[in-house]
Amino acid sequence: MAKGKVAQVIGTVVDIEFPPDELPALYNAIEIPVNGGKIVLEAQEHVGNNWVRCLALASTDGLTRGNEAIDTGVALSVPVGRATLGRLFNVMGEPIDNLGPVDAAEYLPIHRPPPSF
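Structure, rendered in structure tokens:
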């Protein structure tokens, strides 16, 4: 897992500088520890100079230049299957309906071809 540093924050767009040859793949989830929690971002573009442009999936309050960013090495994935029917999730696939954890047997990346009929 590559580690980088936040270089620039403009609203929900965050540029992160990673070491040469350690740029995360596009659509990888990037985590930034902030104030005892974490902000999850998605890598959207390699912009040059070892910078990766990311989109924050939550508020960027408390995020500053120099914060450590960690490439998770995987794309965002969400639970799928019967266990998800009737449930409510946030963009990161976490349940937000106060019904407890989801007992899903499978998680799939959010960027994939649609299932066939």
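609 is the number that this note's numbering gives to position 80 of the sequence shown; each next residue is one higher, with no gaps. Ideal placement from N, C-alpha and C gives every residue a C-beta, glycine not left out.
Consider the Cβ of residue 567: report whether some Cβ of chain C lies at a distance smaller than 9 Å.
Although the question refers to chain C, the structure presented lacks it and comprises just one protein chain.
By DSSP, does residue 611 sit in helix, in strand, or in coil?
If DSSP states are grouped into helix, strand and coil, residue 611 belongs with the helices.
If you drop the 5 nearest sequence neighbours on each side, which residues of the same chain put their C-beta closer than 8 Å to that of residue 635?
608, 609 and 610
Of all the options 555, 561, 553 and 554, which has the alpha carbon lying nearest to the alpha carbon of residue 538?
561
C-beta contact flag for residue 576 and residue 600 at 9 Å:
no
Residue 533 and residue 597 closer than 9 Å at C-beta:
yes
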